[in-house]
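Asker: This is the structure I have questions about; it appears just below.
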Amino acid sequence: MSASTVLEVSHLSKSYVRGYEEVHAVQRAQFSLRNGELVALIGPSGSGKTTLLNLLMGWEPPDAGEILWESGEALTRTSQWSQLAMVPQTLGLLEELTIRENVALPTRLGEHGVAEQRLCNILDSLGLVQLQDRLPGEVSLGEQQRAAVARALILSPVLLIADEPTGHQDEVWARGVFRALLDACHSGTTCLVATHNEEALTYADRVLTMEDGRLTDAAAPSSHTEVSG
Ligand SMILES: Nc1ncnc2c1ncn2[C@@H]1O[C@H](COP(=O)(O)OP(=O)(O)OP(=O)(O)O)[C@@H](O)[C@H]1O
Ligand SMILES: [Mg+2]
0 MSASTVLEVS
10 HLSKSYVRGY
20 EEVHAVQRAQ
30 FSLRNGELVA
40 LIGPSGSGKT
50 TLLNLLMGWE
60 PPDAGEILWE
70 SGEALTRTSQ
80 WSQLAMVPQT
90 LGLLEELTIR
100 ENVALPTRLG
110 EHGVAEQRLC
120 NILDSLGLVQ
130 LQDRLPGEVS
140 LGEQQRAAVA
150 RALILSPVLL
160 IADEPTGHQD
170 EVWARGVFRA
180 LLDACHSGTT
190 CLVATHNEEA
200 LTYADRVLTM
210 EDGRLTDAAA
220 PSSHTEVSG
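Mapping of the sequence shown onto numbering that gives the first Met the number 0: residues 0 to 228, in sequence order.
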């Protein structure tokens with residue numbers, strides 16, 4: 000593994016059995032992620048993106064293959080949980096906590112001190128300041144999704160995995176979300192983002208394409224593009 004490699008995935012596979020049918024959701028996926036890059040994961044609905052991300056998070060066990068963390072230890076056995084963060088497709092906000100409490104939750108779970116200023120900056124960058132004292136059920140789906148993005152960013156993770164983080168955003172806030180992800184990349188966070196948003200490709204350093212559970216590594220579109228608007 001090279002010095003700048005954060006994560007190395009080899010021959011990762013996962014199948015589901017549905018009745019008499021076997022669905023090969025992820026087939027022998029192989030790739031590595033480098034420090035501070037934004038990698039877009041694209042592919043048609045049902046091609047295996049969420050399954051792959053869930054495997055990376057350790058939310059489902061793979062049938063075969065290996066995921067190695069930068070230190071060489073298995074990703075799902077790392078003791079450094081605060082170095083890994085996820086924006087799930089289903090968001091996963093806690094309904095009884097306010098938006099602000101949800102965003103700050105990772106700081107409480109691991110007793111990580113986070114400056115009040117950082118919390119304010121993240122809430123501000125994702126347009127959540129005015130809503131911070133409301134419950135998730137009292138804000139829009141797009142606002143809930145931005146809270147899930149803020150929650151994932153709060154501890155400046157080494158690796159951020161985001162499953163369609165702009166799926167509920169309008170054009171302006173889709174850019175706002177990518178701007179927040181790019182800011183994190185510039186500070187050293189590696190972002191792997193499953194997305195159907197074509198504009199995402201202009202922000203990505205590299206694109207991974209999934210088709211029927213298989214992964215192909217396409218050429219980098221460009222280096223980080225400045226996000227305007
Ligand atoms: N728990 C499960 N049981 C059975 N089949 C599943 C399960 N989860 C996913 N699948 C199947 O695995 C394949 C990959 O699904 P996945 O959710 O990973 O796709 P995706 O690329 O994330 O799609 P989308 O873009 O719609 O989110 C699909 O055929 C799906 O129906
Ligand atoms: Mg999905």
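Backbone N, C-alpha and C define an ideal beta-carbon position, used for all residues, glycine too.
From a predicted model like this one, the values you see are computed outputs, not experimental measurements.
Is Ala173 near ligand 1, with its Cβ less than 8 Å from a heavy atom?
Answerer: Because no heavy atom of ligand 1 lies under 8 Å away, the Cβ of Ala173 does not count as near it: no.
Asker: At 3 residues or longer, and completely inside the region 53-135: list those beta strand (DSSP E) runs for me, N to C.
Answerer: Segments of the beta strand (DSSP E) lying fully in the region 53-135: 63-68 and 83-86.
Asker: Compute the Euclidean distance between the alpha carbons of Trp68 and Thr188, then round it to the nearest angstrom.
Answerer: Taking the straight line from one Cα to the other gives about 14 Å.
Asker: Extract the residue ranges of the beta strand (DSSP E) inside the region 171-217, only unbroken runs of 3 or more that lie entirely within it.
Answerer: Entirely contained in the region 171-217, the beta strand (DSSP E) runs reaching 3 residues are, in chain order, 189-193, 205-210 and 213-217.
Asker: Quick check on Thr165: does DSSP put it in helix, strand or coil?
Answerer: Note: Thr165 maps to coil in three-state DSSP.
Asker: Could you tell me the alpha carbon to alpha carbon distance between Thr194 and Gln82, rounded to whole angstroms?
Answerer: Each residue's alpha carbon lies about 22 Å from the other.
Asker: Using DSSP with H/G/I as helix, E/B as strand and the rest coil, what is Ile51?
Answerer: A small correction: the amino acid at residue 51 is Leu; Ile does not occupy that position in the sequence shown. Correct three-state label for Leu51: helix.
Asker: State yes or no: is the C-beta of His23 within less than 9 Å of the C-beta of Gly212?
Answerer: Yes. Within cutoff.
Asker: Using the beta-carbon of each residue, find all residues closer than 7 Å to any heavy atom of ligand 2 and list them in chain order.
Answerer: Result: Lys48, Thr49, Gln88, Asp162, Glu163 and Ala193.
Asker: Tell me whether the region 112-128 and the region 38-55 touch, counting them as touching only if at least three CB pairs, one residue from each stretch, are closer than 8 Å.
Answerer: In short, these stretches do not touch, since the Cβ pair count stays below three.
Asker: DSSP puts Tyr15 in a beta bridge; with which residues?
Answerer: Answer is Val22, bridged to Tyr15.
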